[in-house]
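Protein sequence lines, in the order shown, are assigned to chains A and B. The first sequence lines up with residues 1 to 235 when you count with my numbering. The second sequence lines up with residues 1 to 314 when you count with my numbering. Glycine included, every Cβ here is placed at the ideal spot set by N, Cα and C. Since the structure is predicted, the reported quantities are computational estimates derived from the model, not experimental observations. This report refers to the structure that appears directly beneath it.
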Amino acid sequence: MHSGLFERAFFRIAGDQGLLVEYGDEINLEVNTKVRTMAIIMKQYTPKGVIETIPTYRSLLIVYDPSITNLAKLQKELQRLEERLYEIQIPPPDTIEIPVCYGGEFGPDIEFVAETHDLSVKEVIQLHSEPEYLIYMVGFTPGFPFLGGLSEKLHTSRLETPRTFVPKGSVGIANNQTGIYPVSSPGGWQLIGRSPIKLFAPERPNPFLYQAGDHIKFKPITLEEYSRLDKEDEK
Amino acid sequence: MDALLIVTPGAYTTVQDKGRYGYQQMGVPVSGVLDAFAFYAANMLVGNPDNAAALEITIVGPCLEILTDTHIAVTGAEMGMTLNDQPVQGWKAIRVKPGDILDIQQVKSGCRAYLAVSGGIDVPQVMGSRSTYAGGKLGGYKGRPLQERDMIQCGETKLLTKLRQFPSDMIPQYPLEIVIRAIPGPQNDFFHEGLDTIFQSDYMVSAKADRMGYRLQGPKIKVLEGMPKSIISEPTMPGGVQIPADEQPIILLVEQTVGGYTKIVTVISTDLPKVAQATPGDTIRFEKVTLGQAHSLYHDQKKLIQMLADQLSE
């Protein structure tokens with residue numbers, strides 16, 4: 001069966017300071033695990049001249065300083081590290097519980113999602129809050145998690161016209177993906193709820209609650225609980 | 001120490017340094033100055049370390065009241081500038097004292113100017129950098145562009161004995177028609193004729209040009225028959241030239257981390273300052289270079305900057 005995983009890493013030139021390394025051509029657990037493992041190993045062994053390593057669904061971007069290293073050295077290093085992958089233990093993922101107040105003014109599209117799939121709003125909430133989602137990658141805005149594992153019964157296309165303002169904490173669906181907006185931004189996802197938790201706090205020593213590879217579990221809460229948690233977070 | 005009071009903020013003035021590295025995997029873009037050459041020059045002129053934070057000024061400049069005895073320097077775009085109503089020049093250190101009014105006017109040539117103050121602009125470091133990322137409301141001065149009455153602090157002033165001046169033959173020109181060099185990739189294999197199109201056509205900078213990216217207008221760039229127009233989202237580099245659904249190129253800059261469109265070429269880092277100084281209506285032509293050429297240009301540029309720094313500090 002086609003696993004989507006490449007036999008050999010595929011290198012792409014991303015300008016004079018970027019090397020893009022592809023490990024597969026699909027969004028799936030196996031490919032993403034390989035990417036994340038390579039990101040971990042890169043962090044442990046940080047080859048000279050590497051400024052930053054950015055893992056995404058199926059590729060890794062290596063940002064490098066051309067006055068310290070070059071493409072040939074980097075490629076060799078990456079291949080060498082890939083051979084040692086079996087030595088690497090991926091740290092067990094954390095599961096982060098995120099309280100969400102579904103529907104109402106926080107989830108203006110939940111009824112559309114329900115109608116599209118012939119479900120009740122209650123069923124949408126249940127289907128959305130049941131699974132533990134894998135964070136495939138973080139990007140788009142600070143801390144925005146792209147989550148895999150959304151029930152097929154909830155796959156809903158993006159809004160035809162994106163909103164110019166989506167409040168922070170909003171939980172949305174776009175096709176087979178679900179995610180949360182940690183900062184307010186424009187956005188085209190179907191909004192089904194909002195979390196009172198501060199997902200991104202640049203003033204904290206660790207500004208984020210999770211990273212790629214962790215799991216997220218949504219917990220439905222009432223409006224009263226939302227208000228209480230929202231106030232607590234303000235402190 | 002209070003150094004500058006913003007009397008009027010200008011069109012879009014932010015605090016920037018070299019950028020915020022290490023958090024792109026968390027969706028935090030590098031931010032930082034768009035024209036690194038002019039930024040380094042401004043810091044050299046006032047005797048600062050090369051990463052001291054400065055003001056990045058866009059199109060219309062601010063009017064500032066000086067609150068301390070210090071040196072300042074303005075580089076980059078030519079904007080027209082007065083100190084207490086007397087014209088003063090860019091690309092040289094200026095001695096200022098409390099009560100002075102520095103009025104930076106409007107661009108005559110270029111797009112972005114850099115104002116450095118002795119000791120550097122002092123704002124709290126957020127995640128390792130003083131750069132403003134306005135989209136995420138973080139860094140810089142309260143995470144936003146400057147506003148009227150903002151009070152800007154600076155680090156410890158070290159007055160120089162000699163007023164430094166940038167060698168005039170080294171001051172970049174910002175013509176209305178620019179050539180920027182680019183390396184094919186990362187998705188050059190998605191294009192064939194498209195590569196000929198981008199390297200042989202003139203593109204105009206559209207009104208949608210900011211720190212996130214420059215949208216260009218010109219001949220459409222088509223992906224190869226049968227190739228997908230979008231790809232699995234992946235990280236982007238400043239300088240990546242993305243081809244979205246409307247087939248008009250966008251030069252991605254410093255406030256973007258991931259994207260799902262193909263990138264046909266990547267502007268070399270040495271030429272990013274030229275993009276930073278282009279304004280809507282300017283013409284851009286891409287010139288193909290190899291990675292090897294780009295790296296030797298990078299080394300030359302680095303040597304040049306070091307030479308200028310040594311020369312100015314003599």
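In the DSSP assignment, find the unbroken alpha helix (DSSP H) run with A317(B) in it and report its ends.
The structure shown has nothing for residue 317(B), since chain B only spans 1 to 314.
Closest Cα partner of Y23(A) within the set I13(A), L29(A), R8(A) and R12(A)
Position 23 of the first sequence, counting from 1, holds the residue named residue 23(A). When only C-alpha atoms are compared, the closest one is R8(A).
May I have the straight-line CA-CA distance separating M1(A) from N32(A), to the nearest angstrom?
As a first step, residue 1(A) must be located in the first sequence, where it is residue number 1. As a first step, residue 32(A) must be located in the first sequence, where it is residue number 32. Caution is warranted here: a pLDDT of 48 is assigned to M1(A), below 50, making its placement in the model unreliable, and no coordinate value can be reported.
Indicate the three-state DSSP secondary structure (helix, strand or coil) for Y226(A) in the structure shown.
Taking the first sequence and counting its residues from 1, one reaches residue 226(A) at position 226. Under the three-state reduction of DSSP, Y226(A) is assigned to helix.
7 Å Cβ shell around A276(B) - same chain, five flanking residues per side excluded
Position 276 of the second sequence, counted from the start, is the residue given in the question as residue 276(B). Within the same chain, A276(B) has close Cβ partners L34, D35, C111 and R112.
Mind checking if H299(B) is an interface residue toward chain A, Cβ cutoff 8 Å exclusive?
In the second sequence, the residue the question calls residue 299(B) occupies position 299. Output row for H299(B): interface = yes.
Among the residues of its own chain, which have a CB less than 7 Å from the CB of R285(B), if the five just before and after it don't count?
Taking the first residue of the second sequence as 1, we reach residue 285(B) at position 285. Answer for R285(B): V179 and D202, listed in chain order.
Specify, as a first and last residue, the run of the beta strand (DSSP E) that R36(A) falls within.
The residue you call residue 36(A) lines up with position 36 of the first sequence. Per DSSP, R36(A) belongs to no beta strand (DSSP E); it is in the alpha helix (DSSP H), L29 to Y45.
Let me know the secondary structure DSSP gives I221(A) once reduced to three states.
Residue mapping note: residue 221(A) aligns to position 221 of the first sequence, counting from 1. I221(A): coil per DSSP, three-state reduction.
Just grab the DSSP bridge partners of P184(B) for me.
Residue mapping note: residue 184(B) aligns to position 184 of the second sequence, counting from 1. According to DSSP, P184(B) bridges with V265(B).
In chain A, which residues lie less than 7 Å from G239(B) when you measure between Cβ atoms?
The count along the second sequence starts at 1 and reaches residue 239(B) at position 239. Residues of chain A passing the Cβ test: G15.
Could you tell me the boundaries of the alpha helix (DSSP H) in which L147(A) lies?
By one-based count along the first sequence, residue 147(A) stands at place 147. Run containing L147(A): none in the alpha helix (DSSP H); it sits in the beta strand (DSSP E), P145 to G148.
Expressed to the nearest angstrom, what Euclidean distance is found between the alpha-carbon atoms of P220(A) and E97(A)?
Position 220 of the first sequence, counted from the first residue, corresponds to residue 220(A). Position 97 of the first sequence, counted from the first residue, corresponds to residue 97(A). Roughly 10 Å separates the two Cα atoms.
CB contact flag (I268(B), A294(B), <8 Å):
Start at 1 with the first residue of the second sequence, and residue 268(B) comes out as number 268. Start at 1 with the first residue of the second sequence, and residue 294(B) comes out as number 294. Yes.
Which residue from K34(A), Q75(A), I40(A) and V35(A) puts its Cα closest to that of R237(A)?
In the structure as shown, chain A begins at 1 and stops at 235. Residue 237(A) is therefore absent and cannot be evaluated.
Could you work out which residue in P47(A), G169(A), V124(A) and E132(A) is closest to R80(A) when comparing CA atoms only?
If you number the first sequence from 1, residue 80(A) lands on position 80. R80(A) has its Cα closest to that of P47(A), out of P47(A), G169(A), V124(A) and E132(A).
For P184(B) and V121(A), what's the separation of their Cα atoms in angstroms?
As a working mapping, residue 184(B) is identified with position 184 in the second sequence. As a working mapping, residue 121(A) is identified with position 121 in the first sequence. P184(B) and V121(A) have their C-alpha atoms spaced approximately 49 Å apart.
What does the Cβ neighbour count give for H299(B), buried or exposed, with the cut at 16 atoms within 10 Å?
Taking the second sequence and counting its residues from 1, the one referred to as residue 299(B) is at position 299. The residue is exposed, with fewer than 16 neighbouring Cβ atoms inside 10 Å.
C63(B) vs I101(B) beta-carbon contact at 8 Å
By 1-based counting over the second sequence, the position of residue 63(B) is 63. By 1-based counting over the second sequence, the position of residue 101(B) is 101. Yes, the Cβ-Cβ distance between C63(B) and I101(B) is below 8 Å.
So, at 6 Å on beta carbons, what are the nonlocal neighbours of E234(B) in its own chain, with the 5 sequence-adjacent residues on each side left out?
The residue you call residue 234(B) lines up with position 234 of the second sequence. Answer for E234(B): no residue qualifies.
Which listed residue (Q248(B), M127(B) and I152(B)) has its alpha carbon closest to that of Y23(B)
Start at 1 with the first residue of the second sequence, and residue 23(B) comes out as number 23. Of Q248(B), M127(B) and I152(B), the residue nearest in Cα terms is M127(B).
Using the beta-carbon of each residue, which ones in chain A are nearer than 8 Å to M127(B)?
As a working mapping, residue 127(B) is identified with position 127 in the second sequence. Under the 8 Å cutoff, chain A gives P202 and P207.
At a CB-CB cut-off below 7 Å, which residues of chain B make contact with P66(A)?
As a position in the first sequence, residue 66(A) is number 66, starting the count at 1. Result: H295 and Y298.
Taking just the CA atoms, how far does P182(A) sit from T164(A)?
Residue numbering aside, residue 164(A) sits at position 164 when the first sequence is read from its first letter. Residue numbering aside, residue 182(A) sits at position 182 when the first sequence is read from its first letter. Rounded to whole angstroms, T164(A) to P182(A) spans 16 Å at the Cα level.
Apply the 10 Å Cβ neighbour rule to Y45(A) and answer buried if 16 or more other Cβ atoms are within range, or exposed otherwise.
Position 45 of the first sequence holds residue 45(A). Burial call: exposed.
Three-way DSSP call (helix, strand, coil) for L5(A) in this model
On the first sequence, residue 5(A) is found 5 positions in, with the first residue counted as 1. Three-state result, L5(A): strand.
Which of the residues in the region 129-150 of chain B, read from start to end, lie with their CB under 9 Å from any CB of chain A?
So the list reads Y133, G135, G136, K137, L138, G139 and G143, given in the order they occur along the chain.
Bridge partners for L60(A) per DSSP, in chain order?
Translated into the one-based positions of the first sequence, residue 60(A) becomes position 60. L60(A) is bridged to V21(A) and P55(A).
Residues from the region 160-182 of chain A in contact with chain B, defined by Cβ distance under 7 Å:
None of the residues of the region 160-182 of chain A has a beta carbon lying less than 7 Å from any beta carbon of chain B.
Can you say whether A39(A) is buried or exposed, counting buried as having 16 or more other CB atoms within 10 angstroms of its CB?
Mapped onto the first sequence, residue 39(A) falls at position 39. Here A39(A) is buried. Its C-beta has 16 or more other C-beta atoms within 10 Å.
Residues near D210(B) by beta carbon distance below 7 Å, same chain, minus five either side:
Counted from its first residue, the second sequence places residue 210(B) at position 210. In its chain, beyond the 5 residues on either side, no residue has a beta carbon closer than 7 Å to the beta carbon of D210(B).
Does any residue of chain B have a CB that is nearer than 8 Å to the CB of E77(A)?
Your numbering for residue 77(A) matches position 77 in the first sequence. Put simply, the CB of E77(A) is far from chain B, with every gap to its CB atoms at 8 Å or more.
Among G47(B), F190(B), M81(B) and V30(B), which one has its Cα closest to the Cα of V107(B)?
Within the second sequence, residue 107(B) is the residue found at index 107, counting from 1. It is M81(B).
When A42(B), G47(B), D50(B) and Y133(B) are compared against Y114(B), the one with the closest alpha-carbon:
Numbered from its first residue, the second sequence carries residue 114(B) at position 114. Across the set A42(B), G47(B), D50(B) and Y133(B), the C-alpha of A42(B) shows the shortest separation from the C-alpha of Y114(B).
Which stretch, first to last residue, makes up the alpha helix (DSSP H) that contains S313(B)?
On the second sequence, residue 313(B) is found 313 positions in, with the first residue counted as 1. Note, S313(B): alpha helix (DSSP H), L291 to S313.
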